[in-house]
Amino acid sequence: HSTLVPTKHAAMDVSGTGQLAIGIDLGTSYSSVGIYRRGKFEIIANGAGNHRIPSCVAFTDKTRLVGDDAVGQADLDPTNAVCEVKRALGGTAATRMRVQFRGETKQCHPEEICGVLLGSLKTMAERKLGQRVGAAVVTVPAGFTDGQRQAMLDAAAIAGISVLRLVNEPTAAAISYGINKRLVGEQWVLVCSLGGGYLDVSILTVYNGVFEVKATSGDNELGGTDFDDRLVSHFGKEFGEKFGVDVGGSKQALRKLRKACEQAKRTLSYTSRATIEIEDLLEGHPFSTVLTRELFEDLCRDLFERIMLHVEMALRRARKDRFAIHEIMLVGESSRMPRVQIMLSEFFDRRSLASSINSDEAVVVGASIAAAILSGEKSPELQDILWLDVVPRSIALDCGEDAAPRILISRNSTVPIKVRHRVRNFRETQLLYEGESAIVGDNVLLGRLKIEGNFGEELEDVGLLFSTDTNGILQAVVEGNIELKATLDKGRLERFEIDRIVYEHKKILLETEKGPEEEEKEQQIEKEQIAVLPVSSSGESDELAGTWDRFSEWLHCICIVTFDLELGQAMELIYPKHVTLTEQEKMNICYLAFPDSNSGCMGDSQFHIRLRVSPGSESSGLRREHADFNCHCMPVHRADPGHFWGFVYFRQIKDATLKRGYFQKSLVLLSRLPFVNLFYEICALIAPSFFASGEPTLEAVCDNICHWPSLMAGENLSLHLLGSIYEISIPKQNYKSLTTADKVNRESTTPPGSQTQIIASIHEIDIFKSLQFFLPHIHLLWELVLTGEPIVVTGTSPTDCAHMVQSLMSLISPLSYCAESRPYFTIHDTEFKEFTQNKHGHPSIILGVTNPFFAKTLQHWPHTIRLQDSAESQALLKQKQAVISGGVNVTNSGAEAAATLSKLSKIKQITNKLLDSSPGVYTQYKPFISKDKAFLKKILLGMKTERPPSVQSALLRRHLLELTQSFMIPLERYLASLMPLQKDISPFKSAPQPNPFKQEDFLATLEECGPQLTSSCKGDWEGLYKRFFASPNFKGWYETRHYELQQTLQALHMQTLSESNLAEWVKGKHEVEIVDMILRLKQKLTLCGSTQMAALPVQLNTKDTREQLLRHLDSMKRCLPDDLKQILNNI
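Each residue of the sequence shown is one higher than the last, beginning at 14 in the numbering used here.
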């Protein structure tokens, strides 16, 4: 029993902070909250004085309602109200409720709705108690599955509640019953909990303050709601037979009928008949009928029988007969039904039921007592109380198709519990189930267990430790092998999803508290702040030139981060001043804008970062200009829809005038555009000027950028900035080189005295600089990046790490790298746990880190690249230059460099606990394809002969480009074969869809047209494709190309429709068919003018096609009567 006694630390966590712990009963139909302190418990009432609030959340155009207000709104608009959400908990992560909120369609997870209810109960308690509440005990049905329990914890996290314990509802009721009872000896208690959505029957023993559950049984689909359903079905049928109208077609009518039936059911608890009267149920028809207790019990006879079935089941599982039970408790909002009370009393030889407690309040009272115990309440009544719960279902491991599941933890085992098991098929995903059936499919899937790490060839089996904690939630870990990690995927909400929901809820609460007057004031201030800059002379042809909208095409904002002795890194300035960032975004930028203290970066240094845009923020979506740009540019140049790119210029120099002794400040350019090369150049121009002149530099920079040309692919663009001019060109997807005349024209418009710099590539960097030490294994790195493997790059400076991460991402160009990447990452990042402690295994990401802490945290990552110390690298370079300038033989120095290269690029196996800290590649990955030795010999020879780095980088890029193209051409060829034939495109049917991509069919084509025909690299190309199919890179490529195919088919269908003879087709057609054709033509006209259609490679004369479609539309309308014409004109 000692394992369940609250520890001193648990008590201090709550009481030590001055926060109280409350008890919450989140019911299917009604919820309540209570507190126990100083020997007394209190059930807290809301503002209207009600101790129970309906478990209902409603959404309107302006606000979100909870409880009684939500029920009233649900009567008016049932579509946008969510009731009885508790039953939806524990479904898949895709389970969502769709509602209209503030004019937009919102999809809510059940955990989100439960989080709103829990948050409302927490607020009720805080208002009553006058202080903050941070912790709670939350009750759940005893029959809740592992997934449902985890979902309840997620809901509590959304509500900002730290859950001390999940307590089963029957156990909580038993605690409330036994708290003030002076029981002699061991007492056997049967608790039957019948609520709005669940039935639980538990048998406990109570002895000297210890409440020990012996057995439990129940039904997760039996509660008051099911009794209401029977009445609604019966009277809905009666109404339909009487008036010939189906009630089921109207949600509002169903809501009215359900509410009346529920009230009638409650009335039958104290009388033998009840009247149901509804003035206008549907289409003006009133409904009036009488419900007798006999009719009700007859309609629900099988439901009552199921209750008694579980009572008998619980007794059998406890191995007791009915005469051994001392007390019978009946709790829950549906327990007042006379039939239930009579059945239980008769089953136990007409014994009376426990009547010392209120059946509606027993659970919340027990939860409040449990919360007081776990938070360190010192009341003498609570000193010896302890409760022991059980596992409601057996937990088993699937052993394959031919064998029954292997039971790991038997039902009714006391929690917490640990069991050990060894598995032989550890390379496969293990399926865990909850249930008692020998047929796997009849049980509840608990999760998928995956074991990852270094297996080795001699490993025969893996030892696993399965443990169920006091909340009834299962965990699994590997025992006896630190190189392996067990990940149990239960399909629950990810941490970032919970964070997003929490942020949205806080925003809604803040807006609700502000009120309309304060909102109007804020909007007025924003309008005054967002001043429009003077329009340039070219404003006639470019409406956005000279405005902040043009600035936002290129940059989101400029941030200045400084060091404060008390706060650490702090945001000094955001420019333009009207731009807002969320607190999470500010915090991430502040930490990422400074190198780690161990980096020792003195002077000026540059690097870049990538951080997630906060969901729900003002900048969470892409601007229209960015969306249009993405349709025309190369994939690697597209604006990032979910992330900011930050380009950092950091300066750290000694300054005796400052208290700290050092000047430390960073300038950060924040943008959605991944133009790494361009923004490095721009940042290097802006930052020194800012450090010298201050804020006027930022004003001048913003004014310059506001007059830049629009973001456009396929054009030469001149960017004027602080007296310099940057000439750039952003390639189109089907890019043709600009003519010499174009270039001359550009040069002739350059103002005199300006410094012009031509940037050959806005995106590409010198990859040879980072990869030169790893050239012998460049093909291995290409495979790792191509297949989206998790890679961590460790170095001593953020500059080196960011450059290496960007170089790795460039290895598969022109294929876009679609997995996650963080060029520079710190332990303070809000995504630290998500990336380093992901329960689903290592994410597909390339991380650049400099903090030594990561060496231990990420030691189980499968692939690590350790960079050479930047200081050592520079020293070696200087030494080498000195040797060369001194007349020493170049060949010898080249040989030394090659020897150093060989030492650094050696692949190192991670086989012991003490990780090697020397530079190199650490992996156990076995490449599918062989090296191109001829190319390696050529580029290594270039290092010996001092070939210019720019040439080396170009050679490396060309080789990798050819390798990637050899890999992608078979995929592109197969994808093109999925296009339907031209003859299958009919103007009188919907546009056809591309045929599905079948991996087996594609792999079958490799023998005749695989990459082995064009690439000098040999090996298992088929195995590499199979691994590629599971990567985010394949998903991103396929989704993009599939969308392009769909748009191409739409364009071809549009052209076919415009060229068809609709005048002949319309003869003999019904009005409905003609209207359908008109709507189809309208849809095609909308599509015809879209940016996506203009970016397609299909040869389509948009103007002629549009005119022809308009003629078809007019001729179609002439065939319709005037009333239909008017309706269609308004659509």
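Beta carbons: idealized from backbone N, C-alpha and C, even for Gly.
request  = Could you round the C-beta distance between F252 and L294 to whole angstroms and report it? I think they count as a contact, below 8 Å.
outcome  = About 6 Å; that satisfies the 8 Å criterion.
Ranges of the alpha helix (DSSP H) found wholly within the segment 607-671, counting only runs of at least 4 = If we require 4 residues or more, the alpha helix (DSSP H) runs fully inside the segment 607-671 come out as 637-645.
ask   = What do you get for P709, buried or exposed, if any count of 16 or more other CB atoms within 10 angstroms of its CB means buried?
value = Answer is exposed; the Cβ neighbour count stays below 16.
inquiry  = For the structure I just gave you, are there three or more beta carbon pairs, one from the segment 664-682 and one from the segment 562-579, closer than 8 Å?
reply    = Result yes; three or more Cβ-Cβ pairs closer than 8 Å.
request  = Could you check which residue in A385, T1018, D482 and I188 has the C-alpha nearest to that of H148?
outcome  = Residue identity differs from the one stated: residue 148 is Ala in this sequence, not His. Closest by alpha carbon: A385.
key: Rounded C-alpha distance that separates H1125 from K1002   = H1125 and K1002 have their C-alpha atoms spaced approximately 16 Å apart.
Residue ranges of each beta strand (DSSP E) within the segment 157-200, 3 or longer = Whole beta strand (DSSP E) segments, 3+ residues: 175-181.
inquiry  = For the alpha helix (DSSP H) containing V315, name the first residue and the last one.
reply    = What sits at residue 315 in the sequence shown is Asp, not Val. R314 to A331 is the extent of the alpha helix (DSSP H) around D315.
query = DSSP three-state call for Q768: helix, strand or coil?
reply = Annotated three-state conformation of Q768 is strand, per DSSP.
inquiry  = Going by DSSP in three states, W561 sits in which element: helix, strand or coil?
reply    = In the three-state reduction of the DSSP assignment, W561 falls in the helix class.
message = Does F336 pass the burial test, meaning 16 or more other C-beta atoms within 10 Å, or should it be called exposed?
response = By the C-beta density criterion, F336 is exposed, having fewer than 16 other C-beta atoms within 10 angstroms.
task = Flag this pair as yes or no: are the beta carbons of S632 and Q597 separated by less than 7 Å?
result = The Cβ atoms of S632 and Q597 lie no closer than 7 Å to each other.
inquiry  = For D1117 and S706, I'd like the C-alpha separation in whole angstroms.
reply    = Those two C-alpha atoms are separated by around 56 Å.
query = Residue ranges of each beta strand (DSSP E) run of no fewer than 3 residues wholly in the segment 97-151, ordered along the chain?
reply = Unbroken beta strand (DSSP E) stretches of 3 residues or longer found wholly inside the segment 97-151: 110-114 and 117-121, given in chain order.
query = Would you call the segment 723-736 and the segment 583-602 touching, i.e. three or more CB-CB distances under 8 Å?
reply = No: fewer than three Cβ pairs fall under 8 Å.
task = Could you say which of L316, E1013, R685 and K1048 lies nearest to F660 if we only look at CA atoms?
result = Answer by Cα proximity: R685.
inquiry  = Can you give me the C-alpha to C-alpha distance between T1145 and T92, rounded to a whole angstrom?
reply    = As shown, the chain starts at 14 and ends at 1144. That puts residue 1145 outside it, with no answer to give.
ask   = With distances taken between CB atoms, is the gap from T1027 to S979 smaller than 7 Å?
value = A contact, by the Cβ cut-off of 7 Å.
ask   = Where does M342 fall in DSSP's three states?
value = Under the three-state reduction of DSSP output, M342 falls in the strand class.
task = Select from D334, A489, I695 and F54 the residue whose C-alpha is nearest the C-alpha of L445.
result = Sorting D334, A489, I695 and F54 by C-alpha distance to the C-alpha of L445 places A489 at the top.
query = Across which residues does DSSP place I718 in a beta bridge pair?
reply = Beta-bridge analysis with DSSP links I718 to no other residue.
ask   = Who are the Cβ neighbours of A1004 in its own chain at under 6 Å, not counting the five residues just before and after it?
value = The answer, listed in chain order, is L1062, Q1063 and H1066.
ask   = Would the beta-carbon of G1036 fall within 7 Å of that of S943?
value = Contact check for G1036 against S943 fails: the beta carbons are separated by 7 Å or more.
request  = Note down the Cα distance separating I881 from A700, rounded to an integer number of angstroms.
outcome  = For the record, residue 881 in the displayed sequence is Gln; it is not Ile. Answer to the nearest angstrom: the Cα atoms are 28 Å apart.
message = Just to confirm the assignment, what range does the beta strand (DSSP E) spanning W400 have?
response = Taken as a continuous stretch (DSSP letters only), the beta strand (DSSP E) holding W400 covers L399 to L401.
inquiry  = Can you list, in chain order, the residues of its chain with a C-beta nearer than 6 Å to that of Q113? Leave out the 5 residues immediately preceding and following it.
reply    = If we look at Q113 and ignore the five residues flanking it on each side, its Cβ neighbours are N93.
message = Does N425 come out as helix, strand or coil in the three-state DSSP assignment?
response = Under the three-state reduction of DSSP output, N425 falls in the coil class, being neither helix nor strand.
request  = Tell me whether the beta-carbon of V214 lies closer than 7 Å to the beta-carbon of V376.
outcome  = No. Outside cutoff.
Limits of the unbroken alpha helix (DSSP H) element including G1166 = Outside the displayed range of the chain (14 to 1144) lies residue 1166, so it cannot be described from this structure.
query = Which residues bound the alpha helix (DSSP H) around H733?
reply = Looking at the DSSP string, H733 is not in any alpha helix (DSSP H); the run it does join, the beta strand (DSSP E), is N729 to L734.
query = Does the segment 425-438 come close enough to the segment 402-411 that 3 or more CB-CB pairs lie under 8 Å?
reply = By the Cβ rule, the segment 402-411 counts as touching the segment 425-438, because three or more pairs are nearer than 8 Å.
ask   = Exposed or buried, V592, counting other C-beta atoms within 10 Å across all chains shown (16 or more means buried)?
value = Flag for V592 reads buried.
query = Do T863 and Y935 have their C-beta atoms closer together than 7 Å?
reply = Contact flag unset, no.
task = Look at G208 and G231 and say whether their C-beta atoms are less than 7 Å apart.
result = No, Cβ-Cβ distance for G208 and G231 is not below 7 Å.
request  = Alpha carbon to alpha carbon, how far is Y1051 from G80? Give it in angstroms, no decimals.
outcome  = Going from the Cα of G80 to the Cα of Y1051 covers about 46 Å.
query = What residue range is occupied by the uninterrupted beta strand (DSSP E) comprising C572?
reply = Its beta strand (DSSP E) spans residues C570 to D577.
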